[in-house]
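**Q** Okay, here's the structure, questions in a sec.
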Amino acid sequence: MMIPLVRNMGLLLILSMLYLTTSCTEEVSGASEAEVTIAFFDAIYNQKNINTALSLSSVSFKKDIIKYKTLNNFARRGLNLSFDSVTIDTQRLATTVIDAANIQVTMTVLLTGKRNERIYKEVRKIQLVKKENTWLVNKLLKI
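Note that the numbering used here has the sequence shown beginning at 924, numbered continuously upward.
This is the structure we're talking about:
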């Protein structure tokens, strides 16, 4: 008589743990605009991964990146920056709420990187848009 009770308690424990872990993942799944900005520039300069950069970009900005054919060409000509490696810092400048479904954020990005054994610091401004609870890099802005 005691064995079915222990089995049911174990099943109850497993189901409650499963419920707790699935409810926690929903809160963590949406990355902030700062995390997306850092991940975008990290994909370009440190990981050298065009697929990651494209996955963090809006449809219109993906077309701009693809025009350059390679990630190095986009970094050199599109961003006007060429680094061997880089550290990235961000700061939010402005948030514009167009309506409940369209939110835009302007971010300032400080890139500190090495090129030919010299250290360079550059500042860029980008615009991010929120689409379906996901932040995407939308365009580069003039400083």
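The C-beta atom is built at its ideal place from N, Cα and C for all residues, glycine as well.
Quick check: what's the CA-CA separation for Ile-973 versus Val-1020?
**A** In the sequence shown, counting from the first residue as 1, residue 973 sits at position 50. In the sequence shown, counting from the first residue as 1, residue 1020 sits at position 97. So the alpha carbons of these two residues sit roughly 30 Å apart.
**Q** Thinking C-beta only, is Gln-1027 closer than 8 Å to Val-1052?
**A** Stepping through the sequence shown from its first residue, residue 1052 is reached at position 129. Stepping through the sequence shown from its first residue, residue 1027 is reached at position 104. Yes, the pair counts as a contact, with Cβ atoms nearer than the cut-off.
**Q** Tell me whether the beta-carbon of Ile-1011 lies closer than 8 Å to the beta-carbon of Leu-1034.
**A** Mapped onto the sequence shown, residue 1011 falls at position 88. Mapped onto the sequence shown, residue 1034 falls at position 111. Yes; because the gap between Cβ atoms is below 8 Å, this pair is in contact.
**Q** Alpha carbon to alpha carbon, what distance is there between Glu-1040 and Glu-956?
**A** For the purposes of this step, residue 956 is identified with residue 33 of the sequence shown, where counting begins at 1. For the purposes of this step, residue 1040 is identified with residue 117 of the sequence shown, where counting begins at 1. Cα to Cα, Glu-956 sits roughly 31 Å from Glu-1040.
**Q** If you scan the segment 994 to 1032 from start to end, which runs of the alpha helix (DSSP H) of 4 or more residues do you find wholly inside it?
**A** Qualifying alpha helix (DSSP H) stretches: none in this window.
**Q** What do you reckon, are the CB atoms on Thr-1018 and Leu-1064 nearer than 8 Å?
**A** Within the sequence shown, the letter at position 95 stands for residue 1018. Within the sequence shown, the letter at position 141 stands for residue 1064. Taking 8 Å as the Cβ cut-off, Thr-1018 and Leu-1064 do not qualify as a contacting pair.
**Q** Glu-1055 lies in the beta strand (DSSP E); which residues open and close that run?
**A** Stepping through the sequence shown from its first residue, residue 1055 is reached at position 132. Counting along the chain, Glu-1055 falls outside any beta strand (DSSP E), and DSSP gives it neither H nor E.
**Q** Starting from Ala-966, trace the alpha helix (DSSP H) in both directions and tell me its first and last residue.
**A** Mapped onto the sequence shown, residue 966 falls at position 43. Start and end: 956 to 968.
**Q** Going by other Cβ atoms of all chains shown within 10 Å of its Cβ, with 16 needed for buried, is Thr-960 buried or exposed?
**A** Position 37 of the sequence shown holds residue 960. It is buried - the Cβ of Thr-960 has at least 16 other Cβ atoms within 10 Å.
**Q** Near Lys-1037, which residues of its chain fall below 7 Å by C-beta distance, leaving aside the five closest residues on each side in sequence?
**A** Taking the first residue of the sequence shown as 1, we reach residue 1037 at position 114. The answer, listed in chain order, is Phe-1006, Asp-1007, Ser-1008.
**Q** Buried or exposed: which applies to Val-1032, given that a residue is buried once 16 or more other Cβ atoms fall within 10 Å of its Cβ?
**A** Counted from its first residue, the sequence shown places residue 1032 at position 109. Classification of Val-1032: buried, given that the 10 Å Cβ count is 16 or more.
**Q** Can you tell me the Cα-Cα spacing of Lys-1044 and Ser-983, whole angstroms?
**A** To locate residue 1044, count along the sequence shown from 1; it is residue 121. To locate residue 983, count along the sequence shown from 1; it is residue 60. Each residue's Cα considered, the two are about 28 Å apart.
**Q** Is it right to say Leu-979 is buried, meaning 16 or more other beta carbons lie within 10 angstroms of its own, or is it exposed?
**A** Here residue 979 is taken as the residue at index 56 of the sequence shown, counted from 1. Buried, by the Cβ-count rule.
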